[in-house]
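Residue numbers (the numbering used here), protein chains in the order written: chain A, 308 to 943; chain B, -13 to 392. Take a look at the structure below.
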Amino acid sequence: MIDIATLLFLLFATPVAFSLPIAFAWVYRPGAEWARKLPILSVFGLFVSLCIALYILFYFPNGTYTYPWLPDYNINFVFIFDYLSKYMGALTALIAFLIGVYGLEYMKHDYRLGWYWFFFNMFTASMLLVVYSDNLMLLLIGWEGLGLASWGLIGHWFRDDDELSYVGIIGRKVGPLNMFWSPSFGGWRAISTIRFGDMPMFFAIAAIYALTGNLNISEIDWAGLFHHIGAIGTVILIIALLMGPFTKSAQLPFSEWLMTAMTGPTTVSALLHSATMVAAGTYLFMRLSWYIEPWKLHHMHGVEMVYLFVLFLGLISALYGASVALGCRERKVLLAASTMSSLGLMFACAAASFWLGKIAIYVAFWYLIVHAFAKATLFLVAGHLIHATHDRFCCGDLELAKKMKVAFVATVFATLCLSGVPPFTAYWVKSAMDGIMHHLMHEVGSAPLYLLVTVSVIYSAFLAKFLSLNFIKGDKPKHLHLHGEVLMPIAYAVMVSMLAVLLYAILGHAEPIAGEFVEKGFERSSLAVGLAVLISYVIALVVPRLESPIGRFLGDRMYMPALNDYIIPKIGWAIAKIVDYGNRLIDTFCHQAIPELIATYSLGVRAIQSGYLKRYVKIALGFVMVALIVASLVRW
Amino acid sequence: MIELIVASLILIALGSALSFKSSKSVFVISLIALLIMLLLPEYRSYVALVIAIGILNLLSMTLMKNQIKGVDYALTALIAIATVYVVFTNDLAMILLMFVITSIPTYVLIMTSEGKANVDVAVKYITFMVFATVLFLAGAMLLVYSNSVNAGYLYVLGFVMLIIGLGMEVGCAPMHEWVPDVFDTADPIPVSIVASIAKIVPFVVAYKILIMTANPLTTKMVLFVAFVAAVSMFIGNIGALTSTNPARILAYSTVANMGYILATLVALINLNWIYLAFAGALLQLMANAFGKVGFFVSIKDGGASTYLTYALAFSFIGMPPLIGFWGKLFILLSLVKVGYIWLALILVINSAMSVPYYIRLARILAKPTIPSIVNAIVLSAVALTFITIVPPNWFIDLAKAIIGGV
């Protein structure tokens, strides 16, 4: 029997270790025929992780496992196994494995396989570390690993030479803005945005450690901490801590990097948008809420303010994301915007736990799971479509649907499941979410409910639009090359079938919490929302295209790129200007003024040395006289 | 104890007489006279350090032919013996005598050269030294007298005269005019003696007298010391910055170093810390002596091994663990402890300012490493700057013992 420490070590180390052969092979023999077979090893590494994650899910008791790291500082490798981490770990490992299998075929002819597989597996391992660690310090390692790997993967096609890897219409300009983004730019933007949020997060973690001497999320005395630092301190601390999740999960106004992250390979987008990276943000928020137990802290206004803020931030981001997706015509960018919308809903729902307790976190988490499988499926299909049609923009008709039956069926099922059309999977979860927002009526007002319903309706509309434009009523693809792929359809077929498994789990009451969902699903209000969603789905299916200035505005992401590409650079330039002036001042002062002054004085000092003793004696004795006279006067 | 001193003195007197016969034997006899000192029972580490400098001086003297060959060894040894003896006695007449004994031989030494006697330089030097000695002795007398009759006015005058005398003797600004000229035009070997061992006694004597006569007025008078010290640091360092002649750089470096050391006298306002100040002063004097001997000997030969010149420069700059670092550290600590923060700050600024010219000096004097007598002497000086590689706590104990005797 392997002990827990070894098992956990293998869980994190195997994916990385098994990606090293291809990584090194590519350094020394890039493009060699034998090297192109090595990715199978990487996928095997992911498979080992999956097995361990499943073993943890089914056989590990709940609780924490500690392995000493810096015991003198009360910082250790602390891993937690609870409801959230067990499911999330299994989900991450499964999705990563399936996408890995898909990637074997998708990336077959790539020019940088070593880079790709190393970062892909490191991405997965980092996410697993984030999922299972209870210690914030340990979590940070995974968190930073995610950031680094995302930079590597989004900018994977660093040569910027493939039109297919861009985002936006190349050459298009709106005012001073370039409305197209290259892979290298996307990678840079991702890491820079994320670092912006990570900085306050570091400080928040440091502050938590300084104040409590403990970094284990499940052990920290949160109530005592919040009481100690007061309402304003609480707001500052939690918001600083949540800046990491906000940027990673692309909430407003940090959403742009997620859209330009579509410059990476589709497999990366699929992984990034379902179970890793962006999910890490919401997952961390859920985990924190799970142990902060805000529903017990109703008397603390600081905590209430934060949760209210997160609630509305999430809902507004969800609305923004959904609207943008509605106007978007690029396959992957549409899906990216929809992810942002879903993440917003997860944040909002988890934030409702302040008023409604743990049930809200359960609902948010279930939504995360459903979304992960559906979104991964859609991305994988999108990738396959881009491969087949050589087009980033939505195109495809029934003829294409006939040729790509598996993709078509998978898309239909995934969109139905994700949009919340009854009685498919997300419907039940969304019903519970409706119920939660409904409950908030008393404390927060009716805005959350209305926002949620609006988002749901828009959401189903653009999913149907995605389906319709790609398989039913879209333009005929200019090029259509089916390469006889096998692994790719299998991967997304398995992926989409997981939604059926989830549906079974909910309806079959396999989970204690599922009963709540089903109960809510049969309420009249939920049925009404379901009906509205269905109607919008059908309408969008029939009329997927509607030219209007509003649509173009939405499609241009409401000109949010201006923030990243125009306003912030302007601020940056202003700061650079100020620094430049400061620099020049220091330069003039230190490199010209002071040396010249000193040189002048130095020459003055040395000018005394004329070589004549008479002069020296005059100076010296003069000083003696002056000193004696002054001393006498002072004394007198 | 006194027997050993007398024996040494007799030895060097005999040695000088022998100089008619052979100068080499004088060297040997002077060396023995110095080594005898090591038998002294007290303050052994101080004695050892002073004798080390003395031997370095003797060795460097061998590099130079001059008019009084033979006697120069004896004079050099005489200075070293006086420097040793000064810490053993508290008798006023004796310590003042030591002051004079370290001063007089340098008048002769500075005149020596390989060609014609260096009268020009000697006139400048002697003029200043005579003023200095007179002021110092008069000041010392006034201080002691005023202390016994409790006359404040005389104390003030005496204090000022003593400090100016001291400053003139060692080369503090603004009485430093003789230093650049003498250092630059005299032969480097006698200068290496003037700049190294001859600086120690005046400070020790001044410490002894000032501690002996310390009274409440001292608190105000040290302001004058601080002023002279600060001026000296600035003049020295600023003057050195644009000099390119190595001897001149060293001259201004001496002015600056004397400023650092003079600054320690402000600790007179709080005698609890005087031992730390004295330790700093003494250590800095040693650092200065090793460095000056090393550099001036290199100048004599047009340079020394690159590694050695840089090591000497680093010691002067104050790079740990070299001796120059500890000297400055103790000085700074004592200044901070007695509350003269501004002076400490000026010292730090000046230390920073000194970096470029010491590096320049090291670069000018750097030569490829070859075996030679000059390199051997410089190597010994460098080796001595490394004695503080272990933090020199023993030096503080030593300073306590010497000052505690007052």
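A virtual CB, placed ideally from N, CA and C, is assigned to each residue, including glycine.
Residues of the stretch 928 to 941 of chain A with Cβ closer than 8 Å to any Cβ of chain B, in chain order: 928, 930, 931, 934, 935, 938, 939, 941
Quick check on residue 392 (chain B) - is its C-beta less than 9 Å from some C-beta in chain A? Since pLDDT at residue 392 (chain B) reaches only 46, below the 50 mark, its modelled position is unreliable, and no value is offered.
Could you check how far apart the C-beta atoms of residue 397 (chain A) and residue 429 (chain A) are, in whole angstroms? I think they sit under 8 Å. The Cβ separation is near 20 Å, so there is no contact.
Cβ-based burial, residue 1030 (chain A) [other Cβ within 10 Å; buried from 16]: The requested residue 1030 (chain A) does not occur in the structure, where chain A is confined to residues 308 to 943.
Quick one: which chain B residues come within Cβ less than 8 Å of residue 878 (chain A)? None at all; the shortest Cβ gap to chain B is about 37 Å.
Answer yes or no: does any C-beta atom of chain A fall closer than 9 Å to that of residue 193 (chain B)? no
Report the rounded CA-to-CA distance for residue 460 (chain A) versus residue 515 (chain A), giving the unit in angstroms. 32 Å
What is the residue span of the beta strand (DSSP E) that residue 479 (chain A) lies within? 474 to 481
Starting from residue 637 (chain A), follow its DSSP beta bridges and name the residues at the other end. A:700
Does the CB of residue 899 (chain A) have a neighbour CB from chain B at under 9 Å? no
Just mark residue 851 (chain A) as buried or exposed, buried being the case when its beta carbon has 16 or more other beta carbons within 10 Å. buried
Mind checking residue 674 (chain A): buried by the 16 CB within 10 Å criterion, or exposed? buried
What residues in the stretch 138 to 164 of chain B have a beta carbon less than 8 Å from any beta carbon of chain A? 138, 139, 142, 143, 145, 146, 147, 150, 154, 160, 161, 163, 164
Amino acids of chain B, ordered along the chain, whose beta-carbon sits closer than 7 Å to that of residue 905 (chain A): 224, 227
Determine the extent of the beta strand (DSSP E) in which residue 387 (chain A) is found, giving its start and end residues. 382 to 388
Alpha carbon to alpha carbon, what distance is there between residue 309 (chain B) and residue 372 (chain B)? 6 Å
In chain order, what residues of the stretch 878 to 893 of chain A put their CB closer than 8 Å to some CB of chain B? none
If we cut at 9 Å on Cβ distances, does residue 916 (chain A) have a partner in chain B? yes
Chain A within 9 Å of residue 335 (chain B), Cβ atoms only: no
Could you tell me whether any Cβ in chain A is nearer than 9 Å to the Cβ of residue 113 (chain B)? yes
Can the beta-carbon of residue 267 (chain B) be found less than 9 Å from the beta-carbon of residue 344 (chain B)? no
For residue 56 (chain B), which residues of its own chain have a beta-carbon under 6 Å away from its beta-carbon, when the five flanking residues on both sides are left out? 5, 9, 12
With a threshold of 9 Å between beta carbons, is residue 595 (chain A) in contact with chain B? no
Does the separation of the CB atoms of residue 233 (chain B) and residue 177 (chain B) fall below 9 Å? yes
At least one CB of chain B closer than 9 Å to the CB of residue 585 (chain A): is that the case? no
Give me the subset of the stretch 106 to 134 of chain B whose CB atoms are less than 8 Å from a CB atom of chain A, sorted by chain position. 109, 110, 113, 114, 117, 121
Can you give me the C-alpha to C-alpha distance between residue 157 (chain B) and residue 164 (chain B), rounded to a whole angstrom? 8 Å
Could you check whether residue 44 (chain B) and residue 149 (chain B) sit closer than 9 Å to each other, using their CB atoms as the reference points? no
Paired residues, beta bridge with residue 370 (chain A) - DSSP: A:388
Whether residue -2 (chain B) touches residue 15 (chain B) by CB criterion (9 Å): yes
The stretch 668 to 684 of chain A in contact with the stretch 728 to 744 of chain A per 3-pair CB rule at 8 Å: yes
Run through the DSSP bridge pairs and tell me what residue 375 (chain A) is partnered with. A:383
Could you tell me the distance, in whole angstroms, from the CA atom of residue 137 (chain B) to the CA atom of residue 913 (chain A)? 40 Å
Taking all protein chains shown into account, do 16 or more other C-beta atoms lie within 10 angstroms of the C-beta of residue 897 (chain A), making it buried, or fewer, making it exposed? exposed
For my contact list, residue 569 (chain A) and residue 576 (chain A) are in at a C-beta cut-off of 8 Å; report their separation, rounded to the angstrom. 6 Å
So residue 360 (chain B) packs on residue 283 (chain B), CB below 8 Å; how close in whole Å? 6 Å
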